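These notes concern the structure reproduced below.
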Ligand code: 5AD
């Protein structure tokens, strides 16, 4: 009666939250399983950023609710952003839900499940849905547990919760609340603990990471709290690589640009959401920067780190986006030459300021604009990857590849996936790899140890 399956939708923060819930459940004596069918309890950790994400989770819940007919003891819960966004209105459509848990209450899940099971074991009427969608001071500090039984070569670390930006299209301020920052000491202690268990790379997570500590931690010699945190993390012995996601262009000041030149563990990769290349649309999105400023940040980053990899998020078909606006986005997208990008069709989110604007770009036009950008992306990704063929890259090996015997997966400094034949003993090491082939998304190569490429050394021996 205590096998739990957690299914996660959406972003890295959701993945991190699910991981923390899984650890807390294990600590309470629950068994967390990877197989939905064998579970007695299914928890969906949901996303609300686009309608499609919500529809997927609602469909899944409806489907799972059928299991309750055969097995009345089966427990079904919805956690996270959609729970927070839709609240108890969800119960009108999904009356079979046992649990509805908001984004500041993940740490209460074990106790709530205990309570449900106790009530189910007692005689009497079926318990009502347990609901907790309240705000909770200090909840940002509860996402810090990592699974101890498995080594995580690369780990996510949540440094803050919430967002104060209020972009007009975005539901996140509603689902995640206002910004709350974790203590620097607590973040560093978490990373030290991870490193002591074999972690070599961390990705610092927050909705707007470069807002970290704003108005709570003082600037020091022009250095923002976020860069102060990066400095401290950079000094952690045994840690090899630092990444973070996502920063906002607004706070991408000189101190952060310069950090790429002086913090040796900070990897040359930035995910910098652009959203639109049209100043008129950016204004309507309430994104406080211009295309010129975005290009300036890119130029500054490339001046400090010529090899830097860049990825971004773009929304096509925002209300009122004209052909001319879209061409501005397309041209800027082409000009920057991103290594990777997520391109989204605008999805109206009820309660956001943009929902008051008319969603007037027809679906076919959104589709067509989406395709144009994907085509440019395909070309620029392949071009950027092809330029790496023949080079030697330092690859942090994370573990066996999903497919291919003897193949291991790792990432280069620019965050590209790399497949390489290797030895399990090298997992967790940064190894030199000669890149020999590429697709749009993935590089392949072979180890070159002690200055000799392993495949040619093999040939010599033969
Ligand atoms: N419609 C489409 N895409 C959206 N995003 C956020 N809100 C919406 C919306 N209403 C995209 C943005 C953001 C990414 C996580 O999701 O590009 O950066």
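Numbering (my numbering), first residue to last: 14 to 475. Ideal Cβ positions, reconstructed from N, Cα and C, are used throughout, including at glycine. Quantities reported herein were computed from a predicted structural model and do not represent experimental measurements.
Only counting the same chain, and skipping five residues up and downstream in sequence, which positions put a Cβ closer than 8 Å to that of residue i?
{"i": "residue 129", "result": "88, 111, 112, 140, 143"}
{"i": "residue 233", "result": "241"}
{"i": "residue 445", "result": "405, 406, 407, 408, 460, 461, 462"}
{"i": "residue 47", "result": "18"}
{"i": "residue 209", "result": "251"}
{"i": "residue 373", "result": "332, 333"}
Beta carbon of residue i: closer than 7 Å to some heavy atom of ligand 1?
{"i": "residue 360", "result": "yes"}
{"i": "residue 270", "result": "no"}
{"i": "residue 380", "result": "no"}
{"i": "residue 326", "result": "yes"}
{"i": "residue 25", "result": "no"}
{"i": "residue 257", "result": "no"}
{"i": "residue 357", "result": "yes"}
{"i": "residue 176", "result": "no"}
{"i": "residue 339", "result": "no"}
{"i": "residue 97", "result": "no"}
{"i": "residue 288", "result": "yes"}
{"i": "residue 351", "result": "no"}
{"i": "residue 265", "result": "no"}
{"i": "residue 183", "result": "yes"}
Near residue i, which residues of its chain fall below 6 Å by C-beta distance, leaving aside the five closest residues on each side in sequence?
{"i": "residue 290", "result": "304, 341, 342, 345"}
{"i": "residue 320", "result": "281"}
{"i": "residue 24", "result": "none"}
{"i": "residue 263", "result": "301, 302"}
{"i": "residue 339", "result": "382"}
{"i": "residue 14", "result": "53"}
{"i": "residue 284", "result": "258, 259, 324"}
{"i": "residue 167", "result": "214, 411"}
{"i": "residue 390", "result": "354"}
{"i": "residue 152", "result": "117"}
{"i": "residue 440", "result": "410, 412"}
Among all the DSSP beta bridges, which residues are the ones paired with residue i?
{"i": "residue 227", "result": "Answer is none; residue 227 lacks a bridge partner."}
{"i": "residue 405", "result": "447"}
{"i": "residue 430", "result": "424, 455"}
{"i": "residue 356", "result": "327"}
{"i": "residue 58", "result": "21, 92"}
{"i": "residue 255", "result": "215, 279"}
{"i": "residue 45", "result": "17"}
{"i": "residue 66", "result": "Answer is none; residue 66 lacks a bridge partner."}
{"i": "residue 174", "result": "193"}
{"i": "residue 461", "result": "466"}
{"i": "residue 114", "result": "92, 145"}
{"i": "residue 179", "result": "According to DSSP, which records beta bridges pairwise, residue 179 is partnered with nothing at all."}
{"i": "residue 169", "result": "216"}
{"i": "residue 340", "result": "Its beta-bridge partners do not exist; DSSP assigns none."}
{"i": "residue 413", "result": "421"}
{"i": "residue 284", "result": "324"}
How close, in whole Å, do the beta carbons of residue i and residue j come, if the pair is a contact with beta carbons under 8 Å?
{"i": "residue 248", "j": "residue 156", "result": "Between residue 156 and residue 248 the Cβ distance is about 23 Å, and since that is not below 8 Å, they are no contact."}
{"i": "residue 18", "j": "residue 49", "result": "5 Å"}
{"i": "residue 98", "j": "residue 184", "result": "6 Å"}
{"i": "residue 148", "j": "residue 117", "result": "5 Å"}
{"i": "residue 78", "j": "residue 107", "result": "7 Å"}
{"i": "residue 245", "j": "residue 213", "result": "About 17 Å separates the two Cβ atoms, so there is no contact after all."}
{"i": "residue 95", "j": "residue 67", "result": "5 Å"}
{"i": "residue 36", "j": "residue 158", "result": "4 Å"}
{"i": "residue 351", "j": "residue 325", "result": "6 Å"}
{"i": "residue 384", "j": "residue 330", "result": "Not confirmed; about 12 Å, so no contact."}
{"i": "residue 288", "j": "residue 298", "result": "6 Å"}
How about residue i: is its Cβ closer than 7 Å to a heavy atom in ligand 2?
{"i": "residue 63", "result": "With respect to ligand 2, the structure shown offers nothing to examine, as its ligands consist of ligand 1."}
Please go through the same chain and pick out, in chain order, the residues whose beta-carbon is closer than 7 Å to the beta-carbon of residue i, but skip the five residues on each side of it.
{"i": "residue 449", "result": "402, 457, 458, 459"}
{"i": "residue 434", "result": "419, 420, 459"}
{"i": "residue 447", "result": "405, 458, 459, 461, 466"}
{"i": "residue 365", "result": "181, 182, 183, 184"}
{"i": "residue 353", "result": "324, 394"}
{"i": "residue 442", "result": "410"}
Please check if any C-beta of chain B sits within less than 8 Å of the C-beta of residue i.
{"i": "residue 115", "result": "Looking at the structure shown, chain B is missing, and only one protein chain is on hand."}
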